[in-house]
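First comes the structure, then the notes that go with it.
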Amino acid sequence: MSTGRLAGGGFQAGVRRSFAVGSEMAWSAWGEGMGLARWVGAYRQPLGEGEQASLPDGTRVTVVRRVPPRQLRLRLERDEWPKARTVQLRVLPSVHGVIVALHAEGLRDEAEREQFLAQWTHALEGWEAFSGREVTVSPAKSPKGSSVEDKDTPASEPPALEPGLARQVRSDQKKTGTAKKAVPAAKRASPLKKGAVTKRAPSQKKGPAKKKAPPRSRK
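Just so we're aligned, residue 1 is where the sequence shown starts under the UniProt record's numbering, counting upward by one.
Put into structure tokens, the structure is as follows:
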């Protein structure tokens with residue numbers, strides 16, 4: 001049996017690398033938001049299990065399982081593919097930080113497998129968003145399954161994409177018209193010109209008052 005070939009048919013591919021960061025930081029860089037562009041494709045909206053989205057190239061993405069900050073399993077479908085593919089991200093604890101592991105199943109042939117391996121290896125080895133960040137390593141006491149705690153509070157925004165990848169994402173979004181457009185500011189009321197008098201709605205004219213009937217004289 002060829003390397004990477006599944007017993008039921010199709011091929012699989014897997015790549016993993018270690019990083020000296022905490023699980024929350026790794027998840028924000030790979031498991032949500034624009035971080036997904038590093039290994040799947042760019043889509044902005046947050047998705048829960050069972051929800052779907054479309055990538056700029058037309059690939060339909062369904063969230064099969066989502067357990068932040070540990071696991072994300074997605075099903076990818078396109079009309080021209082004979083069957084769906086499954087890709088998965090796992091963030092695993094390690095002595096020096098975390099292991100980011102990427103895995104794919106349902107690949108058509110060995111050539112496609114090699115393509116995934118090359119793409120993901122390049123993405124993992126090119127990730128330098130947290131290079132040199134100081135972390136606390138405590139192998140003896142692991143909080144919630146992780147051996148690393150971040151000294152700072154997690155960033156409120158996901159890490160920026162690498163320059164080359166960011167340019168590619170912007171290019172894809174422009175082609176499909178999914179680039180984020182600036183929302184025009186609300187128009188402010190123009191100030192009144194000097195000497196201008198504001199017109200009031202014409203008041204309704206009161207009709208003539210009804211005359212009271214004269215009192216009847218008593219006989």
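Beta carbons are placed, not taken as given, at the ideal position from N, Cα and C, and that holds for glycine. Bear in mind the structure is a predicted one, so any value in this text is a computation, not a measurement.
(request) Could you check what DSSP says for Ala-37 in three-state terms: helix, strand or coil? (result) Looking up residue 37 in the sequence shown gives position 37. Helix, per DSSP.
(request) Work out the CA separation of Met-34 and Arg-170 for me, nearest whole Å. (result) Residue mapping note: residue 170 aligns to position 170 of the sequence shown, counting from 1. Residue mapping note: residue 34 aligns to position 34 of the sequence shown, counting from 1. Whole-angstrom Cα-Cα distance: 11 Å.
(message) So, at 7 Å on beta carbons, what are the nonlocal neighbours of Arg-5 in its own chain, with the 5 sequence-adjacent residues on each side left out?
(response) As a first step, residue 5 must be located in the sequence shown, where it is residue number 5. Excluding positions up to five away in sequence, the list reads Phe-11.
(message) Quick check on DSSP: helix, strand or coil for Gln-71?
(response) By one-based count along the sequence shown, residue 71 stands at place 71. Here Gln-71 sits in strand by DSSP.
(message) Does Ser-28 pass the burial test, meaning 16 or more other C-beta atoms within 10 Å, or should it be called exposed?
(response) Position 28 of the sequence shown, counted from the first residue, corresponds to residue 28. Ser-28 comes out buried.
(message) Give me, in chain order, the residues of the same chain whose beta-carbon lies closer than 7 Å to that of Gln-52; leave out the 5 immediate sequence neighbours on both sides.
(response) Here residue 52 is taken as the residue at index 52 of the sequence shown, counted from 1. Around Gln-52: Arg-60, Val-61, Thr-62.
(request) Work out the CA separation of Gly-22 and Arg-70 for me, nearest whole Å. (result) If you number the sequence shown from 1, residue 70 lands on position 70. If you number the sequence shown from 1, residue 22 lands on position 22. Their backbone Cα atoms lie some 11 Å apart in a straight line.
(message) On the DSSP letters alone, give me the boundaries of the beta strand (DSSP E) that Gln-52 sits inside.
(response) Reading the sequence shown from its first residue, position 52 is the one you call residue 52. Start and end: 52-54.
(request) Kindly identify the DSSP beta-bridge partner or partners of Gly-14. (result) As a working mapping, residue 14 is identified with position 14 in the sequence shown. Gly-14 pairs with His-103.
(request) Determine, using beta carbons only, whether Gly-97 and Ser-18 come nearer to each other than 8 Å. (result) The sequence position of residue 97 within the sequence shown is 97, counting from 1. The sequence position of residue 18 within the sequence shown is 18, counting from 1. If you check the CB distance, Gly-97 and Ser-18 come in under 8 Å.
(message) Within 10 Å of its beta-carbon, does Ala-37 have 16 or more other beta-carbons around it, so buried, or fewer, so exposed?
(response) Reading the sequence shown from its first residue, position 37 is the one you call residue 37. Buried, by the Cβ-count rule.
(request) Please report how far the alpha carbon of Arg-108 lies from the alpha carbon of Ala-20, in whole angstroms. (result) In the sequence shown, counting from the first residue as 1, residue 108 sits at position 108. In the sequence shown, counting from the first residue as 1, residue 20 sits at position 20. Each residue's alpha carbon lies about 34 Å from the other.
(request) Please list, in chain order, all residues of the same chain as Leu-74 whose beta carbon is under 8 Å from its beta carbon, the five residues on each side excluded. (result) Taking the first residue of the sequence shown as 1, we reach residue 74 at position 74. These residues qualify, in order along the chain: Val-40, Val-61, Thr-62, Val-63, Val-64, Thr-86, Val-87, Gln-88.
(message) Please report the distance separating the alpha-carbon of Ala-182 from that of Arg-44.
(response) What you label residue 182 is simply residue 182 of the sequence shown in a count that begins at 1. What you label residue 44 is simply residue 44 of the sequence shown in a count that begins at 1. For Ala-182, the predicted model reports a pLDDT of 36, less than 50, meaning its position is unreliable; a value from the coordinates is still stated below. Those two C-alpha atoms are separated by around 15 Å.
(message) In this structure, how does DSSP classify Arg-65 when only helix, strand and coil are distinguished?
(response) To locate residue 65, count along the sequence shown from 1; it is residue 65. If DSSP states are grouped into helix, strand and coil, Arg-65 belongs with the strands.
(message) Below 8 Å on the Cβ atoms is my contact criterion, and I expect Ala-101 with Arg-16 to pass it. Report the Cβ-Cβ distance as a whole number of Å.
(response) For this step, residue 101 is matched to residue 101 along the sequence shown. For this step, residue 16 is matched to residue 16 along the sequence shown. About 4 Å separates the two Cβ atoms, so the contact holds.
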